[in-house]
Structures are given as structure tokens and as C-alpha cells.
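Heads up: the structure comes next, in C-alpha cells.
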Amino acid sequence: MARSGETLDPSADPDVFRNATVAYFRDHDAVFELRVQLCSDLDSMPIEDASVRWPEADNPYVTVATLPRQDALSPARVRFVEDRMSFRPSHSLETHRPLGSLMRARLCVYSALASFRMTQDDGVTVEPATLDALPD
């Protein structure tokens, strides 16, 4: 995102970074690629030691999804995401499940946060299968 020469002041607007990003992508095309690095050797790529950098030369990142241009922060979409959805890395195929102690800790935290959020609303979560299921 090219915003050189611009100063953003979070003390004047706590959402200044969000607002600048939304404004930028309103006028510019972008394609977001979601990438993962697949473990192929547990000796050089230990699952339980997050301090070990996995060798990209042997295991390059692989694009697993491409997200199209969209108004991700429309008022209807923000309300839907905040009131109806929960994020958990465990929402995946069993063969793609997150591994390691850090992920196990994250799964507990995400689950607890989602449960708390649902008690604040009417308790109904939605898991859309396509972008078309999200409001504009």
C-alpha cells in the first residue's frame, strides 16, 4: 500500500489505519493471496518449537486462496461479521488442522472469545460458505 509522505495520527482517530486502508482500496484494485508453508520435514520444521524458522528455499509458501476486490467494511458487513461470525483456525479440513502448542492455545482463546461474544448477542453464529452469503 503506497502511502508514503502521509502521516497518520491514531490519537486524532483511533481507527485511522483502518480508515486509511478502506479509503485506499476504494480507489485501487488489489488481490489478496492467502499463503501457507507446508511442513515436509519434522526435523528441520518442528511443529512444537515456534522459534525455528522453516526454510523457505526447501518449502516455499503456497497460495491457497485469492480474495477478490470487495467492500470488506461496509456497515452491513461489519455488523454481520461482528455479530454473527467467529474466527477459529480449526475451521478447516482435518488434514489441514492447525498444529503445535501455540495453535492449541489459540484455539482455546478463540473458542472462549466466540462464546462470550455470542452471549452478548442472541447466541446465533453463522458460517457462510461463500462470499455471496455475506451482506454487501
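In our numbering, the protein residues as written are 63 to 198. Cβ atoms here follow ideal geometry from the backbone N, Cα and C, with glycine treated the same way.
Collapsed DSSP secondary structure at residue i in the structure displayed
i	result
L96	strand
T69	coil
T128	strand
S177	helix
Beta-carbon gap between residue i and residue j smaller than 9 Å
i	j	result
R139	P197	yes
S148	Y172	yes
R97	T125	yes
N121	D103	yes
F94	L129	yes
Rounded C-alpha distance that separates residue i from residue j
i	j	result
D89	E110	43 Å
D184	R141	13 Å
R146	M180	8 Å
L100	A74	42 Å
P76	S66	20 Å
M63	A82	Low local confidence applies: a pLDDT of 49 at M63 is under 50, so the model's placement there is unreliable, with the coordinate-based value given in what follows. The alpha-carbon atoms of M63 and A82 are separated by roughly 10 Å.
Residue of the options minimising C-alpha distance to residue i
i	options	result
D133	A167, D184 and V84	V84
S136	V186, A191, F87 and V188	F87
Residues of its chain near residue i, where Cβ-Cβ distance is below 7 Å and the 5 sequence neighbours each way are ignored
i	result
R131	D91 and A92
S163	E110
Close Cβ partners of residue i (< 8 Å) along its chain, the five nearest in sequence each way excluded
i	result
T187	R146, M147, S148, A176 and M180
S154	P160
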